[in-house]
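With the working numbering as the guide, the letters of the sequence shown map in order to residues 454 to 777. Note that the Cβ used here is the ideal one computed from N, Cα and C, for glycine as well.
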Amino acid sequence: MNYIVLDLEWNQCPSGKAHEDKALPFEIIEIGAVRLNEQHQITDRFREIVKPQVYTSLHFRTREIVALRAIDFADARCFPEVAADFFSWCHCSEAGKSDYGEPLFCTWGPADLTELQRNLSYYDMASPFPFPLIYYDIQKIFSIVYEDRKSRRSLEYAIDFLEIPKTVAFHSALSDAIYTSLIMQRLEDSNIRENSSVDCFRTPRGRKDEIYLHYATYDKFISKPFVSRNQAMKDPVVTSTRCPLCKKNAQKKIRWFSAGSHNQFCLAWCPQHGYIKGKIRLRLNANRMTYAVKTLKPIKDEDANLIYEKKESVKVKRQNHRNT
Numbered sequence: 454m455n456y457i458v459l460d461l462e463w464n465q466c467p468s469g470k471a472h473e474d475k476a477l478p479f480e481i482i483e484i485g486a487v488r489l490n491e492q493h494q495i496t497d498r499f500r501e502i503v504k505p506q507v508y509t510s511l512h513f514r515t516r517e518i519v520a521l522r523a524i525d526f527a528d529a530r531c532f533p534e535v536a537a538d539f540f541s542w543c544h545c546s547e548a549g550k551s552d553y554g555e556p557l558f559c560t561w562g563p564a565d566l567t568e569l570q571r572n573l574s575y576y577d578m579a580s581p582f583p584f585p586l587i588y589y590d591i592q593k594i595f596s597i598v599y600e601d602r603k604s605r606r607s608l609e610y611a612i613d614f615l616e617i618p619k620t621v622a623f624h625s626a627l628s629d630a631i632y633t634s635l636i637m638q639r640l641e642d643s644n645i646r647e648n649s650s651v652d653c654f655r656t657p658r659g660r661k662d663e664i665y666l667h668y669a670t671y672d673k674f675i676s677k678p679f680v681s682r683n684q685a686m687k688d689p690v691v692t693s694t695r696c697p698l699c700k701k702n703a704q705k706k707i708r709w710f711s712a713g714s715h716n717q718f719c720l721a722w723c724p725q726h727g728y729i730k731g732k733i734r735l736r737l738n739a740n741r742m743t744y745a746v747k748t749l750k751p752i753k754d755e756d757a758n759l760i761y762e763k764k765e766s767v768k769v770k771r772q773n774h775r776n777t
């Protein structure tokens, strides 16, 4: 077992978004990580400050949050060197001799692995990650196990909730990785492994690369890219509704409808398992093309009624808009 719990600190353009490098909106300035064994115990640590090359002054929000100052970067190495050593550490033991196998990455929230890959791309470094990149979002899993599955809490909130002693300051990459690992120690391994996430920095290039994932309570699908949202929503694979439980086609009771600029919903019916809620989130990949993230989930009758109400609400809003 080779769990790598990763945390990053990054900087952004100090003179504002209008002046940022669009290829690198967030520049990594610190990498922290811990390795965990099967019992979620820490067996090794990695921490290094990264010398900024794009935004050499700290944004005021970065200065407020991150406990780093200019003097800390004086002897720091640049990102390509640090990243190469980090990935070497991910695959090797502390002595650097034995291979632990492919690491399973864990983070607090979905952003760290995306920004790590964006920084790799900026420096034209080959990505060492497999495709698709499956990882474990401990922030999401905390909500699944302890709360309502929907809320996303801060790391400090979760530490307080679990009454874990706060022995070091937050917002250092290594300390936040350690705190995340301490939360993992309060989770069953099955809680983690059964609730994986998929990173979408790299999206499927074509139909054969499309991603199908099955979870205990829903199915997830990530599509190939399309030139527009309209084209995506005309694709029969994107708009299909298959029951997550029996894998048979479910008949649509409410066809896909827009509820906001990026979300589509539908309601389908499986004779064996009842109502199926469909949701499609339309996103842009790195090439500014549209891809779809679809979830299909069995729901109860009362939840189906909420979709009928949402559909009617959208209809009324459109009618009111046309009349104004």
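Whole angstroms are fine: how far does the CA of residue j sit from the CA of residue i?
| i | j | result |
| --- | --- | --- |
| I495 | Y744 | 38 angstroms |
| S628 | H726 | 46 angstroms |
| T777 | K770 | 11 angstroms |
| Q592 | V519 | 20 angstroms |
| I664 | N702 | 18 angstroms |
| L461 | I482 | 8 angstroms |
| L737 | R655 | 11 angstroms |
| V680 | E501 | 40 angstroms |
| L862 | C559 | In the structure as shown, the chain begins at 454 and stops at 777. Residue 862 is therefore absent and cannot be evaluated. |
| A476 | T567 | 13 angstroms |
| K673 | I733 | 10 angstroms |
| K550 | H544 | Summary for K550: the model assigns pLDDT 44, below 50, so the residue's position carries little reliability; its value from the coordinates is reported in the next sentence. Distance between the alpha carbons of K550 and H544 is about 10 angstroms. |
| Y610 | H667 | 30 angstroms |
| F614 | K603 | 17 angstroms |
| I707 | K687 | 16 angstroms |
| Y576 | W722 | 49 angstroms |
| F539 | P724 | 51 angstroms |
Under DSSP, the beta strand (DSSP E) around residue i begins and ends at which residues?
| i | result |
| --- | --- |
| S714 | No beta strand (DSSP E) contains S714, which DSSP labels as neither H nor E. |
| H667 | I664 to H667 |
| V651 | S650 to D652 |
| A685 | Element bounds for A685: not the beta strand (DSSP E) but the alpha helix (DSSP H), R682 to M686. |
| P467 | Looking at the DSSP string, P467 is not in any beta strand (DSSP E), and its letter there is neither H nor E. |
| D672 | D672 to I675 |
Applying the 10 Å Cβ sphere with the 16-neighbour rule, what's the burial state of residue i?
| i | result |
| --- | --- |
| H493 | buried |
| D642 | exposed |
| V458 | buried |
| N740 | exposed |
| N464 | buried |
| S650 | buried |
| A471 | exposed |
| H715 | exposed |
| N455 | buried |
Throw me the rounded Cβ distance for the residue i and residue j pair, which I believe falls under 8 angstroms.
| i | j | result |
| --- | --- | --- |
| T694 | L749 | 6 angstroms |
| I675 | C653 | 7 angstroms |
| F718 | K768 | Contact flag wrong, Cβ pair sits at about 13 angstroms. |
| G644 | I612 | The displayed chain sequence assigns Asn, not Gly, to residue 644. That belief does not hold up - the Cβ atoms of N644 and I612 are roughly 17 angstroms apart, past 8 angstroms. |
| R682 | L735 | 5 angstroms |
| V487 | A622 | In fact, because the Cβ distance is near 17 angstroms, the residues do not count as touching under 8 angstroms. |
Just to confirm the assignment, what range does the alpha helix (DSSP H) spanning residue i have?
| i | result |
| --- | --- |
| T692 | P689 to T692 |
| V535 | F532 to H544 |
| V519 | That residue, V519, is in no alpha helix (DSSP H); it is neither H nor E in DSSP. |
| D754 | D754 to N776 |
* Asked: Which ranges would you report for the alpha helix (DSSP H) in the stretch 573-644 if only whole runs of at least 4 residues count?
  -> 591-599, 608-614 and 626-637
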